[in-house]
Amino acid sequence: MKVQEHFCLKDKHSFHLNVTARYWAEYRNTDELGEMLQDKRFNKLPVLPVGGGCNLLFTRDFPGLVIKSAISGWDIVHENEEEVVLRVGSGLDWDQFVESCVSQGWGGIENLSGIPGLTGATPIQNIGAYGVEAKEVIRYVEVFDRQTRSLLVLPVEECGLAYRNSRFKQEWKDRFIVCYITYRLNKKPAYRLDYGNLNEVLRSQGGLQEGPEAHRGNLAMIRRAVLAIRSSKLPDPAVLGNAGSFFKNPELDVATYTALAERFPELPHWELPGNKVKVSAAWMIEYCGWKGKSMGRAGVYPKQALVLVNLGDARGEEIYNLYQHIVADVHKAFGISLQPEVVVL
Numbered sequence: 000m001k002v003q004e005h006f007c008l009k010d011k012h013s014f015h016l017n018v019t020a021r022y023w024a025e026y027r028n029t030d031e032l033g034e035m036l037q038d039k040r041f042n043k044l045p046v047l048p049v050g051g052g053c054n055l056l057f058t059r060d061f062p063g064l065v066i067k068s069a070i071s072g073w074d075i076v077h078e079n080e081e082e083v084v085l086r087v088g089s090g091l092d093w094d095q096f097v098e099s100c101v102s103q104g105w106g107g108i109e110n111l112s113g114i115p116g117l118t119g120a121t122p123i124q125n126i127g128a129y130g131v132e133a134k135e136v137i138r139y140v141e142v143f144d145r146q147t148r149s150l151l152v153l154p155v156e157e158c159g160l161a162y163r164n165s166r167f168k169q170e171w172k173d174r175f176i177v178c179y180i181t182y183r184l185n186k187k188p189a190y191r192l193d194y195g196n197l198n199e200v201l202r203s204q205g206g207l208q209e210g211p212e213a214h215r216g217n218l219a220m221i222r223r224a225v226l227a228i229r230s231s232k233l234p235d236p237a238v239l240g241n242a243g244s245f246f247k248n249p250e251l252d253v254a255t256y257t258a259l260a261e262r263f264p265e266l267p268h269w270e271l272p273g274n275k276v277k278v279s280a281a282w283m284i285e286y287c288g289w290k291g292k293s294m295g296r297a298g299v300y301p302k303q304a305l306v307l308v309n310l311g312d313a314r315g316e317e318i319y320n321l322y323q324h325i326v327a328d329v330h331k332a333f334g335i336s337l338q339p340e341v342v343v344l
């Protein structure tokens, strides 16, 4: 295991900002992780675990140790005619994992195709897209406990997975490092097609087939449709630096939404359990005139107002300032404070 000093992070996160870490290291197993965290050089320094760096905004150089999981591979824990349970290393590329599962006819994550990053981020961020969230397929999360220097197995019910949130992003962020995730996937049809224009795109491709033998092909068709929709709306981070959706869609109580809808009846919304209503942050940002606009070398993507982009050699402060201006304008117009999906450092 090699520890590098004054390491440039430009190619290690999706905004591609020219920032450095005081130290950088990758670990291939939990033994290497434990040894690294016992190194006296890092005792009093902040430690930042990263995956693909797809959910980070660096506003300055990082003064401590940045660590990345290289724990790859997966094993079948249990399998029958209905399901398969997989234990997966946190350093595996998420979309490659989805592609492998779809090719095997294992369903449940096909709607999450194309999301950049590593598997280790799935319980931390509770990634979601097109009506599916990671918490629906995760069963256990194995973590390294920095306090006790031991491995723990946490049932997903204890991890507080919510809309783009979890205890790993809150009270556990400085304690647990995700090492393995156990997923339960379906071997029988259980498709989720009622979100956005997914069903419309599938119908344009001829629609799903019927019968038990069609399952694997249907999963592949759903994956292709999701990838096509994503590529039509979202920029490729390799071409235009970004972190995907920068903002969360606000969740409001019914009374607040009702008052807002009287003023803005066109505001897209989705009813949620527990007398909550989710409203479109993208619509509010566009209403305030920010879609396609820029400040310096930071901009709002013309095809999706939730996405902030690095237009070329932007500094983190420029993207942060753009974010702050958008939040202020939305609050002035709607009385709602937008919250970031992205972790700002």
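Residue numbers (numbering that gives the first Met the number 0): 0 to 344.
All C-beta atoms, glycine included, are put in the ideal place defined by N, C-alpha and C.
Source: prediction; values computed, not measured.
ask   = Since residue 179 contacts residue 136 with CB under 8 Å, what's their CB separation in whole angstroms?
value = Within the sequence shown, numbered from 1, the residue matching residue 179 stands at position 180. Within the sequence shown, numbered from 1, the residue matching residue 136 stands at position 137. Going by Cβ atoms, the distance from residue 179 to residue 136 rounds to 15 Å, so no, they are not a contact pair.
ask   = Measuring CA to CA, which of 15, 4, 242 and 82 is closest to residue 313?
value = For the purposes of this step, residue 313 is taken as residue 314 along the sequence shown, with counting starting at 1. Taking only the C-alpha atoms, the option nearest residue 313 is 15.
ask   = Roughly how many angstroms lie between the CA atoms of residue 19 and residue 53, to the nearest whole one?
value = The count along the sequence shown starts at 1 and reaches residue 19 at position 20. The count along the sequence shown starts at 1 and reaches residue 53 at position 54. Taking the straight line joining both Cα atoms gives about 16 Å.
ask   = Counting Cβ pairs closer than 8 Å, one from the region 137 to 152 and one from the region 260 to 274, do we hit at least three?
value = no
ask   = Does the pairing of the region 275 to 289 with the region 243 to 256 give three or more beta-carbon distances under 8 Å?
value = yes
message = As a quick exercise: from 344, 3 and 290, pick the residue whose alpha carbon is nearest that of residue 328.
response = Counted from its first residue, the sequence shown places residue 328 at position 329. When only C-alpha atoms are compared, the closest one is 290.
Sequence-distant residues of its chain with Cβ nearer than 6 Å to residue 91 (five each side left out) = Mapped onto the sequence shown, residue 91 falls at position 92. Cβ neighbours of residue 91 beyond the five flanking positions: 71 and 118.
query = Would the region 24 to 40 and the region 0 to 10 be scored as touching if the rule is three or more Cβ pairs under 8 Å?
reply = yes
message = I need the DSSP call for residue 318, collapsed to helix, strand or coil.
response = Mapped onto the sequence shown, residue 318 falls at position 319. Three-state result, residue 318: helix.
request  = Reducing DSSP to helix, strand and coil, say where residue 166 ends up.
outcome  = Position 167 of the sequence shown holds residue 166. In the structure shown, residue 166 sits in coil (DSSP, three-state: anything other than H, G, I, E or B).
key: residue 93 classed as buried or exposed, judged by whether at least 16 other C-beta atoms fall within 10 angstroms   = On the sequence shown, position 94 is the one that residue 93 refers to. By the 10 Å Cβ count, residue 93 comes out buried.
ask   = If residue 113 and residue 226 are in contact, beta carbons under 8 Å, what's the gap, nearest whole angstrom?
value = Along the sequence shown, read from residue 1 onward, the residue named residue 113 stands at position 114. Along the sequence shown, read from residue 1 onward, the residue named residue 226 stands at position 227. About 5 Å; that satisfies the 8 Å criterion.
ask   = Of all the options 95, 74 and 97, which has the alpha carbon lying nearest to the alpha carbon of residue 347?
value = Outside the modelled stretch of the chain, which goes from 0 to 344, sits residue 347, for which no answer is possible.
ask   = Exposed or buried, what is residue 37 when buried is set at 16 or more other beta-carbons lying within 10 Å of its beta-carbon?
value = Within the sequence shown, the letter at position 38 stands for residue 37. Its Cβ having fewer than 16 others within 10 Å, residue 37 is exposed.
Nonlocal neighbours in the same chain, by C-beta distance under 8 Å from residue 168, ignoring five residues either side = Here residue 168 corresponds to residue number 169 of the sequence shown, with the count starting at 1. Only 123, 124 and 342 meet the Cβ criterion.
Helix, strand or coil at residue 200 according to DSSP, with G and I counted as helix = Along the sequence shown, one-based indexing puts residue 200 at 201. Of the three classes helix, strand and coil, the one that applies to residue 200 here is helix, per DSSP.
inquiry  = Rounded to whole angstroms, what is the Cα-Cα separation between residue 9 and residue 315?
reply    = Residue numbering aside, residue 9 sits at position 10 when the sequence shown is read from its first letter. Residue numbering aside, residue 315 sits at position 316 when the sequence shown is read from its first letter. Approximately 11 Å between the Cα atoms of the pair.
key: Candidates 59, 185 and 282, of which the one nearest residue 80 by Cα   = Numbered from its first residue, the sequence shown carries residue 80 at position 81. Per the Cα distances, 185.
request  = Keeping to the same chain, check which residues put their C-beta closer than 8 Å to that of residue 334; ignore five residues upstream and five downstream.
outcome  = To locate residue 334, count along the sequence shown from 1; it is residue 335. Correct list, in chain order: 259.
key: Pairwise C-alpha distance: residue 98 and residue 223   = For the purposes of this step, residue 223 is identified with residue 224 of the sequence shown, where counting begins at 1. For the purposes of this step, residue 98 is identified with residue 99 of the sequence shown, where counting begins at 1. Each residue's Cα considered, the two are about 10 Å apart.
query = What residue ranges within the region 96 to 130 form continuous alpha helix (DSSP H) runs of no fewer than 4 residues, ordered along the chain?
reply = 120 to 124
ask   = Looking only at DSSP bridge pairs, what is residue 7 linked to?
value = Stepping through the sequence shown from its first residue, residue 7 is reached at position 8. Residue 7 is bridged to 19.
message = If you measure between the beta carbons of residue 191 and residue 130, is that distance less than 8 Å?
response = Locating residue 191 in the sequence shown gives position 192, counting from the first residue. Locating residue 130 in the sequence shown gives position 131, counting from the first residue. In this structure, residue 130 lies closer than 8 Å to residue 191 by Cβ.
query = Excluding sequence positions up to five away, which residues of its chain have a Cβ less than 6 Å from the Cβ of residue 292?
reply = The residue you call residue 292 lines up with position 293 of the sequence shown. Around residue 292: 299.
key: Between the CA atoms of residue 198 and residue 32 - distance to the nearest angstrom   = Taking the sequence shown and counting its residues from 1, one reaches residue 32 at position 33. Taking the sequence shown and counting its residues from 1, one reaches residue 198 at position 199. One C-alpha to the other measures close to 44 Å.
key: Alpha-carbon to alpha-carbon, residue 59 and residue 269   = Taking the sequence shown and counting its residues from 1, the one referred to as residue 269 is at position 270. Taking the sequence shown and counting its residues from 1, the one referred to as residue 59 is at position 60. When rounded, the distance between both Cα atoms is 37 Å.
request  = Along the beta strand (DSSP E) that carries residue 74, what are the first and last residues, could you check?
outcome  = Indexing the sequence shown from 1 puts residue 74 at position 75. Element bounds for residue 74: 73 to 78.
query = Are residue 219 and residue 101 close, meaning C-beta to C-beta below 8 Å?
reply = As a working mapping, residue 219 is identified with position 220 in the sequence shown. As a working mapping, residue 101 is identified with position 102 in the sequence shown. Yes. Within cutoff.
task = Following the continuous alpha helix (DSSP H) through residue 138, name the residue where it begins and the one where it ends.
result = Taking the sequence shown and counting its residues from 1, the one referred to as residue 138 is at position 139. Taken as a continuous stretch (DSSP letters only), residue 138 belongs to no alpha helix (DSSP H), being part of the beta strand (DSSP E) at 137 to 144.
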